[in-house]
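Asks:
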Amino acid sequence: MNFSEVFKLSSLLCKFSPDGKYLASCVQYRLVVRDANTLQICQLYTCLDQIQHIEWSADSLFILCALYKRGLVQVWSLEQPEWHCKIDEGSAGLVASCWSPDGRHILNTTEFHLRITVWSLCTKSVSYIKYPKACQQGITFTRDGRYLALAERRDCKDYVSILVCSDWQLLRHFDTDTQDLAGIEWAPNGCVLAAWDSCLEYKILLYSLDGRLLSTFCAYEWSLGIKSVAWSPSSQFLAVGSYDGKVRILNHVTWKMITEFGHPATINNPKIVVYKEAEKSPPLVLGRLAFPPPRAAAGPLSSTESEWRQRSHWDGHQALQCRLARRSSGNTASQGRAQGQALCAAAKFPPSPVFHEVASVPVSLQTLKPAADRANPRIGIGALAFSPDNCFLATRSDSVPTAVWIWDIQKLRLLAVLEQLSAVRCFQWDPRQARLAICTGGGKVYLWSPAGCVSVQVPGEGDFQVLSVCWHPSGDSLALLSKDHFCLCFLETEQGVGTAFGQRGDHT
Amino acid sequence: MGDWMTVTDPGLSSESKYISQYTSETKMSPSSLYSQQVLCSSIPLSKNVHSFFSAFCTEENIEQSISYLDQELTTFGFPSLYEESKGKETKRELNIVAVLNCMNELLVLQRKNLLAQENVETQNLKLGSDMDHLQNCYAKLKEQLETSRREMIGLQERDRQLQCKNRNLHQLLKNEKDEVQKLQNIIASRATQYNHDMKRKEREYNKLKERLHQLVMNKKDKKIAMEVLNYVGRADGKRGSWRTGKTEARNEDEMYKILLNDYEYRQKQILMENAELKKVLQQMKKEMISLLSPQKQKPRERADDSTGTVISDIEEDAGELSRESTWDLSCETVREQLTNSIRKQWRILKSHVEKLDNQVSKVHLEGFNDEDVISRQDHEQETEKLELEIQQCKEMIKTQQQLLQQQLATAGDDDTTSLLRDCYLLEEKERLKEEWSLFKEQKKNFEKERRSFTEAAIRLGLERKAFEEERASWLKQQFLNMTTFDHQNSENVKLFSAFSGSSDWDNPTVHSRPRQKKPHGAPSGSPVCTSKLTKSLPASPSTSDFCQTRSCVSEYSSISVLNTAPEESKPNQVGRECTNQKWSVASRPDSQEGCCSGCSSTHADAHIEKDDLP
C-alpha cells in the first residue's frame with residue numbers, strides 16, 4: 001500500500017473522473033485536475049468564488065462547479081481548456097446542480113425548490129420542470145441514462161414524473177400513495193422505481209417503469225420508519241434500513257421480505273468474526289515462532305507492514321496484502337516529468353501498524369443511548385451498501401456508531417462485525433470487488449475483505465483525519481479526504497503483491 | 001386406636017353371669033325353657049337361691065334335698081341320683097356313682113362356663129375398646145368436618161373477594177381501554193389536525209412559492225442566463241430532434257421495449273431455474289423409484305391394497321416418465337401427475353423410513369447392553385492406542401529435542417561427528433572406566449617407585465655427604481701435607497659446595513609431585529589440567545578464553561624455555577606443558593564444543609582421550 005503526497009483540499013471536494021483517468025479537487029475557488037496515476041496537474045481552473053460542489057460529466061469531458069452562494073454554475077472542459085460556460089440562476093438562487101447522464105445538460109434546482117432548470121450545452125434551449133419536491137432524494141436517473149424520475153409535490157400530494165432524458169419529454173406521471181415522499185431510487189436495471197415515505201411512516205412502494213404499482217411493503221406501523229434504502233447491483237434485492245434497527249431485504253420476484261437482519265448489541269454466535277480495533281498495537285506475535293529463528297522476518301519492513309490474519313478464518317489467500325512504503329522516486333521519474341509536484345518520495349515516519357484483534361464471542365458493542373426528546377434520534381440503520389458482486393451488505397446502525405456490520409447475502413446471515421474506536425464516518429465498497437473501505441475521522445483507514453481486515457495509519461506529519469474516502473473506478477486506489485487535505489492510497493493488485501514481495505529484499 | 005379398657009364393672013360381670021346361666025339353660029329341653037328362664041332371670045330370685053343354697057342341706061332335710069337335687073338334675077337331663085327301684089314300695093337308694101358322675105359333669109360344665117365367661121368378658125372388653133376407638137374416630141372426623149367446613153367457608157370468602165377484585169380489574173381495564181381509545185382518538189384527531197394544518201401551511205407555502213415564482217421568473221431577469229463560449233456537440237453526435245407526437249410514441253415504444261426485455265430476461269432466468277428444479281425432481285424421483293423398487297418384492301405380500309396400487313402406479317409412472325418429452329410439457333399438464341406421484345412415493349418412503357426407525361430402536365433396545373459393553377471395550381482399546389501413540393510421540397519429541405540441541409551446539413559445524421560420538425559413547429565409557437582404574441593402579445606403582453627412588457636418593461645424598469666429608473678430611477690431610485696447592489683447593493671446595501646444592505634438586509620434584517604425575521598419566525590428566533586452567537579464569541569459560549589461556553600457556557612455555565639455564569627445575573615442566581599444548585591443539589574443535597555444550601563435554605573429552613591413547 002503506497003501513499004501519495006498530501007495535497008490541499010477544501011470542502012471535501014475531490015472526485016475521480018468516471019473513466020478513471022483524472023482526479024478533480026477543489027482548493028477554495030480553484031479547481032485542480034490531476035492525472036489519477038501520476039497526480040501531476042493537468043489543468044487548473046479558476047472559478048469566481050468558493051466552489052461548493054463539483055461533478056464530472058458521464059463522459060469525463062466536463063466538470064461542473066457549483067457556487068451556490070452566488071447562484072452560479074461554471075462548467076469546464078478538459079479537452080479545451082479555453083472553453084468555458086457560466087450559468088447564472090439569478091435571483092432564483094441555486095441549491096443543487098447536477099449533470100444529466102448524457103453530459104450535455106445541467107439540472108439546476110432553484111431555491112425553495114421552485115423549479116428545476118435544464119440547461120443544454122448543445123443548444124440554447126432551456127427547459128423547466130415545475131413543482132420538484134424538496135426531499136432527501138428527489139431526482140434519480142436510470143443507470144443507462146435514459147430516464148429521469150422526479151419526485152413532485154402538487155396540491156399536498158406526492159407525484160412521480162418519469163421523463164425521457166434524450167428530449168426531456170414526460171413519459172409517465174403518477175401519484176404515489178405516500179404521506180410525505182422522502183426519496184425515490186431506480187433499480188440498477190432501470191425497470192423498477194422504489195419510493196419510500198418519510199420517517200413518520202414505514203412504507204415503501206415499488207413502481208414499474210410504466211407507472212404501475214408493483215408492490216407496497218410495510219413492516220410495521222405507529223413507529224418511525226425507513227431511514228435508508230439500497231438496491232443490490234443485480235436489482236435482485238432491495239435492502240431497507242429502518243429506525244427499529246433492522247434491515248429488511250425484499251426480493252424482486254414477489255417483492256416480499258426474504259429476511260430481516262437485526263443489529264443486536266451483543267454478538268453470541270461464535271461463527272461471526274468480530275474485529276475490534278485495539279487501543280495500542282499488541283506485542284509482536286513472534287514469540288511463538290522463536291524456533292527456528294526467522295531468517296528475514298526481523299527486517300525493518302515487517303514493522304511497517306500490517307497484515308492481520310484471523311487465527312481460524314484466514315484461508316491462506318491473502319487477497320488483501322498491504323505494503324506500506326512510499327512509492328519510490330524512480331518510479332515517478334520514469335513515469336513523467338520529475339517535478340516536485342508529483343509523488344513524494346521523502347521518507348517520512350513509517351506508519352505504525354494498527355492491529356485489530358479478533359475478539360472472542362460473546363462480544364458486546366458500544367451502544368449509544370438515543371435522546372428520546374430530540375428530533376432525528378441516533379437510532380436505526382443510517383447507512384447500508386451492497387458490495388459490487390452482490391455477495392455482501394455493509395450496514396451501520398446509528399445506535400452502535402463505531403461498528404460496521406457485514407452480512408453474507410448468499411447465506412443471509414451476519415458474517416463479520418468491525419468495531420472501531422471512534423464512530424464510523426463513511427464506508428464505501430471497492431467498485432470492482434468485495435472490498436470495503438471505512439473511515440472514522442481518525443488517522444487510519446480500514447479495509448475489509450472476505451479474507452480479512454486491515455487498518456492502515458495514513459503517513460504524514462501531524463494528524464491526517466480521514467473524513468471521507470473515495471474509490472478510483474478501477475479499485476486500484478483510494479482517495480482519502482480530510483478537512484483541508486487529501487492524499488491517495490494506492491492498493492496493489494494481485495500481481496503487484498508478488499513483485500512487491502520480490503522487491504522487499506531490495507528495500508531492506 | 002382407642003385405649004382398651006381393662007376395668008370391669010360389677011354390672012357387667014353380673015350380666016356375664018346371667019349370660020352363662022342362659023347358655024347353660026339352653027341345654028334344657030325346650031318345653032321347660034320358658035319357666036326356667038322366668039325362674040332364673042330375675043336377679044333377686046337368683047339371690048334368693050343363693051342365700052337359700054348356703055343353707056340348702058341340713059341334717060334334717062337330707063332326704064328332701066336329695067330328692068330336690070334329683071328332681072332338678074333330672075329336669076336338666078342328668079341321670080337320676082337314685083338307683084332304679086326294684087319294688088314299688090321300696091325306698092329308693094341314693095346312687096353314689098351317679099351322684100359323683102353328676103358332680104363331675106357339673107364341675108366340667110362349670111369350668112366350661114367359666115371359660116366361656118372369660119371369653120365373653122375379653123370380647124366384651126375388646127368391643128368396648130373398639131367402641132371407644134370408634135367414638136374417638138367419630139369425634140375426630142367430626143372435628144375434621146368442622147375444619148373443612150370452615151376452610152370451605154374461607155375459600156368461598158376468598159373466591160368472592162377475588163371475583164370482586166377481578167370485577168374491579170375488569171372495570172379498570174375497561175377504563176384503560178377507554179382511555180387508550182380516547183387517546184387514540186385524540187392522536188388521530190391531532191394527526192388529522194396536523195395533516196390539515198400541514199396541508200394548509202403547504203398550500204400557503206405553495207401560494208408563496210407561486211408568487212415568488214412569478215416574481216422571480218416573470219420579471220425577465222436578465223441575470224438568468226447562460227454564457228457559453230460555443231455550444232458543444234451532443235454526446236451521441238446526433239442533432240436534437242423536435243418534440244412531436246412521433247417522438248412521444250417512440251418514447252413509449254422504447255419504454256415498453258425495455259420493460260419487455262427485462263421481463264423476458266427474468267422469464268428466461270425463471271425458466272432456467274425451473275428446468276434445473278425439474279431436473280432435480282426427476283433425479284430424485286428416479287432415485288426414489290430405484291430405492292423403493294427392490295424392496296418392494298418382500299413387503300408386497302403383507303402390503304395392503306393401497307400400497308400395492310401405489311406401487312403399480314409408480315411403475316407406471318416410471319415407464320411414463322422415462323420419456324423425456326413429458327418433462328418438456330408445460331407444467332399445467334404434468335404438474336398433477338408429478339406432484340401426485342411424488343407425494344405417493346414420499347409417503348411410501350416415509351413409512352419405510354419410519355419402519356426402519358422402529359426396527360432400529362427395537363434392535364437398539366435389545367442389544368443395548370451388549371453394545372454398551374462393546375463400545376466401552378472399544379473405547380478402552382482406543383484410549384490405550386492413543387496413549388501409546390502419545391508415548392511414542394513424546395519420545396519422538398525428546399529425541400528431536402536432543403538432536404536439535406546438538407545441532408544448535410555444533411552450530412552446523414559438523415553434526416556427523418557428534419552423532420558418531422554419541423553412538424559409541426556408552427561402550428567407550430565402560431572401556432574408559434576400566435582403563436582409568438588401570439591407570440590409577442599404574443599411578444600408585446609409579447608413586448611407590450618414586451618414593452623408593454627419593455629414599456634412595458636421600459640415602460645416596462647422605463652417603464655422598466659422608467663420602468664428601470671423608471674426602472674433605474682426606475683433602476685436608478693432603479692439604480696439610482702439601483700446602484703449596486692452597487689456591488686450587490679453595491676453588492674445588494666451591495665447586496663441590498655447588499654440587500652439594502644439587503642435592504636440593506630432588507626436593508622440588510618431591511614438592512611438585514602432583515604436577516609431576518601428570519606427564520606419566522598425560523592423556524588422562526590433561527583434561528583435568530585444561531579444566532583447571534579454565535577454572536582459574538574469572539568468568540564462565542568460553543572458547544575464546546580457552547584459546548587465550550592456551551596461547552598464554554604457550555607463551556609461558558616459550559619463556560620458560562628461554563629461562564631454562566638459571567632454573568633447573570624448569571625443563572621438566574616445559575616439556576610437560578608442551579605436550580599439553582600439543583594435545584589441546586589437536587582436539588581444539590572438540591574442546592570448544594565441550595565448553596559450549598556443558599554437561600556432555602566430559603563425555604566428549606573422555607572420548608577424545610581414548611582416541612589419543614592408542
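Taken in order, these protein sequences are the chains called A and B. Quick note on numbering: the first sequence equals residues 1 to 508 in UniProt numbering. Quick note on numbering: the second sequence equals residues 1 to 614 in UniProt numbering. A virtual CB, placed ideally from N, CA and C, is assigned to each residue, including glycine. Predicted, not measured: the structure shown is a model, and the values here were computed from it.
Leaving out the 5 sequence neighbours to the left and right, which residues in its chain are closer than 7 angstroms to Y82 (chain B) when beta-carbon positions are compared?
Replies: Excluding residues within five positions, the ones whose Cβ falls inside 7 angstroms are D70, R92, E93, L94, N95.
Asks: Whose CA, out of A:Q50, A:F261, A:R396, lies closest to the CA of L9 (chain A)?
Replies: Closest by alpha carbon: A:Q50.
Asks: Using a cut-off of 8 angstroms between C-beta atoms, extract the partners of L260 (chain B) located in chain A.
Replies: Ordered by position in chain A, no residue passes the 8 angstroms Cβ test against L260 (chain B), which lies about 10 angstroms from the chain.
Asks: If you count every other CB in all the chains shown that lies within 10 Å of the CB of G442 (chain A), and 16 or more means buried, which is it?
Replies: Buried, since its Cβ has 16 or more Cβ neighbours within 10 Å.
Asks: Taking L259 (chain B) as part of the alpha helix (DSSP H), name the residues at either end of that continuous run.
Replies: Where L259 (chain B) is concerned, the enclosing alpha helix (DSSP H) stretches over 245-292.
Asks: Tell me whether the region 227-245 of chain A and the region 179-189 of chain A touch, counting them as touching only if at least three CB pairs, one residue from each stretch, are closer than 8 angstroms.
Replies: Verdict: yes, contact present.
Asks: Any beta carbon of chain A sitting closer than 8 angstroms to that of H213 (chain B)?
Replies: Cβ-Cβ to chain A under 8 angstroms: yes for H213 (chain B).
Asks: Please confirm whether A188 (chain B) has its beta-carbon closer than 8 angstroms to some beta-carbon of chain A.
Replies: No - not a single Cβ of chain A is within 8 angstroms of the one on A188 (chain B).
Asks: Strictly under 8 angstroms for the Cβ-Cβ distance: is R149 (chain B) near chain A by that measure?
Replies: It does not: the Cβ of R149 (chain B) has no partner Cβ on chain A nearer than 8 angstroms.
Asks: Whose CA, out of A:V400, A:I409, A:R172, lies closest to the CA of L418 (chain A)?
Replies: Answer by Cα proximity: A:V400.
Asks: Just tell me which of A:Y147, A:H485, A:D155, A:A451 has its CA closest to the CA of F464 (chain A).
Replies: Considering only alpha carbons, the answer is A:H485.
Asks: Using a Cβ-Cβ distance cut-off of 8 angstroms, determine whether E89 (chain A) contacts chain B.
Replies: For E89 (chain A), the answer is yes, since a Cβ of chain B falls inside 8 angstroms of its Cβ.
Asks: Would you mind telling me which residues of chain A sit closer than 7 angstroms to N251 (chain B), beta carbon to beta carbon, in chain order?
Replies: The answer, in chain order, is V164, Q169, L171.
Asks: Using the rule of at least 16 other Cβ atoms within 10 Å of the residue's Cβ for burial, across every protein chain shown, is V118 (chain A) buried or exposed?
Replies: V118 (chain A) should be labelled buried.
Asks: Would you verify that the beta carbon of K199 (chain B) is, or is not, closer than 8 angstroms to some beta carbon of chain A?
Replies: At least one chain A Cβ lies under 8 angstroms of K199 (chain B).
Asks: So, is Y68 (chain B) buried or exposed, given that buried needs 16 or more other C-beta atoms within 10 angstroms?
Replies: It is exposed - the Cβ of Y68 (chain B) has fewer than 16 other Cβ atoms within 10 Å.
Asks: Between the C-alpha atoms of L208 (chain B) and R172 (chain A), what's the straight-line distance to the nearest angstrom?
Replies: Cα-Cα distance, rounded: 28 angstroms.
Asks: Identify which residue in B:Q392, B:Q283, B:L292 has its Cα closest to the Cα of S351 (chain B).
Replies: Of the candidates B:Q392, B:Q283, B:L292, the one whose C-alpha sits nearest the C-alpha of S351 (chain B) is B:L292.
Asks: Taking the alpha carbon of L200 (chain A) as the point to measure from, which residue in A:S125, A:I116, A:P377 has its own alpha carbon closest?
Replies: Here the closest residue by C-alpha is A:P377.
Asks: Pop quiz: residue 509 (chain A) and Q428 (chain A) are said to be a contact at Cβ under 8 angstroms. What is the actual Cβ separation, rounded to whole angstroms?
Replies: Since the first residue of chain A shown is 1 and the last is 508, residue 509 (chain A) is not available in this structure.
Asks: Around the C-beta of S235 (chain A), are 16 or more other C-beta atoms found within 10 angstroms, so that it is buried, or is it exposed?
Replies: By the 10 Å Cβ count, S235 (chain A) comes out buried.
Asks: Taking Cβ positions, are Y22 (chain A) and S60 (chain A) nearer each other than 8 angstroms?
Replies: Going by C-beta atoms, Y22 (chain A) is nearer than 8 angstroms to S60 (chain A).
Asks: Are any of the Cβ atoms in chain B nearer than 8 angstroms to that of K86 (chain A)?
Replies: Yes, K86 (chain A) lies at the interface with chain B (some Cβ there is under 8 angstroms from its Cβ).
Asks: Against G190 (chain A), what residues of chain B qualify as contacts under a CB-to-CB distance less than 9 angstroms, listed in chain order?
Replies: Those are I258, D262, listed as they occur along chain B.
Asks: Report back the beta-carbon spacing between V361 (chain A) and P270 (chain A) to the nearest angstrom; my notes put them in contact at under 8 angstroms.
Replies: Yes, V361 (chain A) and P270 (chain A) are in contact; Cβ-Cβ is about 5 angstroms, under 8 angstroms.
Asks: Could you list which residues in chain A have their beta carbon closer than 8 angstroms to that of E287 (chain B), in chain order?
Replies: The premise fails here: E287 (chain B) is roughly 27 angstroms from chain A at the closest Cβ pair, so nothing lies under 8 angstroms.
Asks: Against W119 (chain A), what residues of chain B qualify as contacts under a CB-to-CB distance less than 8 angstroms, listed in chain order?
Replies: Those are M226, listed as they occur along chain B.
Asks: Among A:V33, A:D197, A:Q52, whose alpha-carbon lies nearest the alpha-carbon of Y220 (chain A)?
Replies: Here the closest residue by C-alpha is A:D197.
Asks: Per DSSP, C85 (chain A) is paired with what?
Replies: For C85 (chain A), which the question treats as bridged, DSSP gives the partners A:V75, B:V228.
Asks: Using the DSSP secondary-structure output, state which residues sit across from G452 (chain A) in a beta bridge.
Replies: Its beta-bridge partners are A:S449.
Asks: Taking three-plus beta-carbon pairs below 8 angstroms as touching, is the region 104-119 of chain A in contact with the region 242-260 of chain B?
Replies: Flag = no, the region 104-119 of chain A and the region 242-260 of chain B do not touch.
Asks: M255 (chain B) versus chain A: which residues are under 7 angstroms apart at the beta carbon?
Replies: Result: L171, L209, D210.
Asks: Counting only C-beta atoms, is F112 (chain A) closer than 8 angstroms to chain B at any point?
Replies: With 8 angstroms as the cut-off, F112 (chain A) counts as an interface residue toward chain B.
Asks: So, does the region 201-219 of chain A touch the region 363-380 of chain A, judging by three or more C-beta pairs under 8 angstroms?
Replies: No: the two stretches stay apart, fewer than three of their Cβ pairs being nearer than 8 angstroms.
Asks: Which two residues bound the contiguous beta strand (DSSP E) that contains G183 (chain A)?
Replies: Taken as a continuous stretch (DSSP letters only), the beta strand (DSSP E) holding G183 (chain A) covers 181-186.
Asks: Is there a Cβ from chain A that is less than 8 angstroms from the Cβ of T247 (chain B)?
Replies: Yes - at least one Cβ of chain A is within 8 angstroms of the one on T247 (chain B).
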